[in-house]
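Chains as they are written, first to last, in our numbering: chain A, 75 to 456; chain B, 6 to 585. Comments concern the structure below.
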């Protein structure tokens, strides 16, 4: 449905310096799916989105929407934004303050160049779009009288009123407060499933990305670092960058002792002892790797377990009670490990504990693509 | 469509490359740049050219340093320089004190009548400088000033206590003309001064004077400095006040000296332009320093972040004394001159006096409205004001849009270029445009066109500022979403940008119109026998000295509509700020 091929975009700053915002991004999104571009600010995700919209002209690459090339640097094709037939929601919502709710939604139909819409058609389409986002009855309101959440819905209705093939969402929830954001997350998910509309979503919020996406592309410094389902991205990060960007993570440096076996696992020697883990990609013996484990995957026990694989001795250094969980800092051989535990595992500060790192949850990362990209001198995010 | 383009991929020749490079926005940019460069650099170039050229009866002659030697070896040059500086520095200080004082009362206190003070300041803003100078002459001239007469009568004085034809008189008159500008510059600084910063100092144990010295003053310093600098530049390029009030006592400043050198027979173009260059350098330095200072002021303004609520200082028992004191300032700076004009306009060939109520007459007004010279000047001023405002707003809007919204490289140079005229005194604009179109074979001398060029040049920076300010207020995404929704550039302009910007554009138009109708200085150099404007005929009628009553009536006839236009303008601006 949407294909992006080796998209590149360099900005020239006022003092003449070249800044690569997007350094060769390739992606495709299937019909009806939602792909999220996730990354820190300046990673190039918004530039990628704006290139798809036609608001930014890439230096090179190819963008195909529904079989039609809207941008192709080799053929000099660049369809202007107003001919791409896209729905888009901006971070600021960009609700026109001089128009009513109705006029805001009706605008894309009024300026349509391919056909003229009759008054009745416009009224019907606007009513349906507003109904979709649950803003029926607000037609004649001044758009400035709406609350933040309502403005967000209005922006969405305006994006959907033409029934576009592709919907682009640029951090649409970032201006809402936490409670409303959670509510809108479900709402967006419902709409996207109901309409089956192909969607490209940009956010820096990992929770949003995990909740909404069929697929996530994690970006850093103008490159896609990892693509996969939310589950894969979260549990099987391919790099330190991805592991660090999504949620909090423990990193254990070590050296591969026995290379990856048939079951995809191997043993890594760490300063605390050998750790059995799986690998993100094949790793040879004696290679330096980083073991990644999520705080919520670490188990704590007062007594040593029967199977002592991946079990270490530690001491509770600090604890924070958060209601549904307790966060611990556990000291292991001079280093600190973050552990997120259920409240039943209640240990006081100073208590010695056994730490179990379940082998299935430990991932050995052999190279760091995120860092490697960031080290390239020209690849500084814009 | 895409495939057709793919099939036809011609080899690029130079012309095609150029036409590809020349997008619509680049083309418009180029046009604007050429217009701008013409407006700004042609007069400057001719000023420099004339200053290095021999003065001959046939126009500028061969290359020479004579003009500079002539100008800068004159014994009274040091005098001229010091007089100009004295006038500008003291005017800036007094103007700041007046403007900042009123701004403080209006923005920071709960004194009664604050909105009245605000409105009065804007009335003062609408009154042309020439008319203020005339009004003060009518009030405090040793011969004809009714104020002096009244004081003499009340206190039984032999001599008139005040003489407006003095350095002090000039400074006071200019300050009473410029204080609205200081008010408008200092008002926002007081408004954004978060009282919580002062409260934090109090909670930290500081006493009131320590708070003022260590917190309030340092926070206000950039605004004070930038206001002082701007008023200084405005004062050193002021012309009307030194002309009307300095001349009778032989007090000369740069601007009057330049004017007289040109008005002499034969005109000393070379001498006046070499003096003009010095004035220009002073003004450019002043504006440069002003820009730096405002940048600091803006940096401070961003310190006050979210959740800021302006809390007025509770004056308690001092509420009424503060109001009364402020009212006295207004009576002295605005009330007296306006009263003098109004009163004088109702008398014919006599100086108003309490005993002379019997001589009250409307005939001055009757005379003005049947005076063909006035009617012609009114027409010219209206045409010039309206057309320069329209051109400047259109040009400013297009250029500001290119600078703010497109990625065309070097677009910011346009911004810088359009800002240059703000540093060029009107005297120099007038003189150099006169030189330029005497030299160039463009036959617009003695027509309205040459005046229009001068006006557009002078007001270009204001048009640019207003338009940029308006565009910056409009989030870029409001336009982008229209584009993505399928609107063409024209549709986006018409349906989104223009409706959103129209208040700012109308305000800009009215502001420039008011300035155009008030214009005197540049017009004095450029107006021909049939292209006199309101400013020049007012001056001529004053200088001929026939009837002060007629001149006063002429002034009132100008002031009343200007005040009304400024009122409309402020109404629009409040609407904008409420929406923003």
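No residue lacks a Cβ here, since even glycine has one placed at the ideal position from N, Cα and C. Values in this document were obtained by computation on a predicted structure and should not be read as measured data.
- Here residue 332 of chain B carries a helix assignment [DSSP, helix/strand/coil].
- Chain-ordered listing is empty here: chain B has no CB closer than 8 Å to the CB of residue 325 of chain A, the nearest sitting near 36 Å.
- Residues of the region 480–500 of chain B with a Cβ closer than 9 Å to any Cβ of chain A, in chain order: 480, 481, 482, 483, 484, 485, 486, 487, 488, 489, 490, 491, 492, 493, 494, 496, 497, 500.
- Relative to residue 267 of chain B, the option among B:570, B:48, B:406, B:440 whose CA is nearest is B:440.
- Rounded to the nearest angstrom, the Cβ distance from residue 344 of chain A to residue 321 of chain A is 21 Å, too far for a contact under 8 Å.
- Burial is judged here by how many other beta carbons sit within 10 angstroms of a residue's own beta carbon; residue 42 of chain B has fewer than 16 and is exposed.
- Around the CB of residue 145 of chain A, 16 or more other CB atoms lie within 10 Å, so the residue is classed as buried.
- DSSP, reduced to helix, strand and coil, places residue 172 of chain A outside both helices and strands of the structure shown, so it counts as coil.
- Residue 525 of chain B sits in coil when the DSSP states are folded into three classes, being neither helix nor strand.
- Annotated three-state conformation of residue 436 of chain A is coil, per DSSP.
- Cβ-Cβ distances below 7 Å link residue 468 of chain B to 397, 398, 400, 401, 513, 517 in the same chain, with the five nearest sequence neighbours on each side left out; the list follows chain order.
- Taking C-beta atoms as the reference points, residue 279 of chain A and residue 303 of chain A fail to come closer than 9 Å.
- For residue 232 of chain A, the chain B residues whose C-beta falls within less than 9 Å of its own C-beta are 486, 490, listed in chain order.
- The criterion of a C-beta distance shorter than 9 Å is not satisfied by residue 383 of chain B and residue 531 of chain B.
- For residue 77 of chain B and residue 453 of chain B, the gap between their C-alpha atoms comes out near 35 Å.
- Taking residue 156 of chain B as the centre and dropping the five residues before and after it, the same chain places the C-beta of 162, 165, 166, 167 closer than 8 Å to its C-beta, in chain order.
- Burial state of residue 376 of chain A is exposed, judged by a 10 Å Cβ sphere holding fewer than 16 other Cβ atoms.
- Using a Cβ-Cβ distance cut-off of 8 Å, the region 186–206 of chain B and the region 270–289 of chain B are not in contact, since fewer than three pairs of beta carbons, one from each stretch, lie closer than that value.
- Beta-bridge partners assigned by DSSP to residue 300 of chain A: A:292.
- With contacts defined as CB atoms closer than 9 Å, residue 180 of chain A and residue 200 of chain A qualify as a contacting pair.
- Three or more Cβ pairs drawn from the region 181–192 of chain A and the region 485–493 of chain B lie within less than 8 Å of each other, which places the two stretches in contact.
- Within chain B, not a single residue places a beta-carbon under 8 Å from that of residue 226 of chain A; the smallest gap is close to 13 Å.
- Within the region 174–189 of chain A, the residues whose Cβ lies closer than 7 Å to any Cβ of chain B are, in chain order, 181, 182, 185, 186, 187.
- Distance from the Cα of residue 130 of chain A is smallest, within the candidate group A:76, A:95, A:381, for A:95.
- Cβ contact annotation for residue 138 of chain B (same chain, cutoff 7 Å, sequence separation greater than five): 178, 245, 246, 249, 250, in chain order.
- In terms of beta-carbon proximity, residue 156 of chain A lines the interface with chain B, with at least one pair separated by less than 9 Å.
- One thing to note: residue 31 of chain B has its Cβ no nearer than 9 Å to the Cβ of residue 408 of chain B.
- For residue 504 of chain B, the chain A residues whose C-beta falls within less than 9 Å of its own C-beta are 170, 172, 173, listed in chain order.
- Residue 282 of chain A counts as buried, since no fewer than 16 other beta carbons sit within 10 angstroms of its beta carbon.
- Residue 347 of chain B and residue 242 of chain B have their alpha carbons spaced roughly 28 Å apart.
- Beta-bridge partners of residue 244 of chain A (DSSP): A:276.
- DSSP places residue 390 of chain A in the uninterrupted beta strand (DSSP E) bounded by 385–395.
- For the region 122–133 of chain A, the residues whose beta carbon sits under 7 Å from a beta carbon of chain B are, in order, 127, 129.
- At least one C-beta of chain A is nearer than 9 Å to the C-beta of residue 414 of chain B.
- Any Cβ of chain B closer than 9 Å to the Cβ of residue 86 of chain A would place that residue at the interface, and such an atom is present.
- Boundaries of the alpha helix (DSSP H) around residue 105 of chain B: 82–113.
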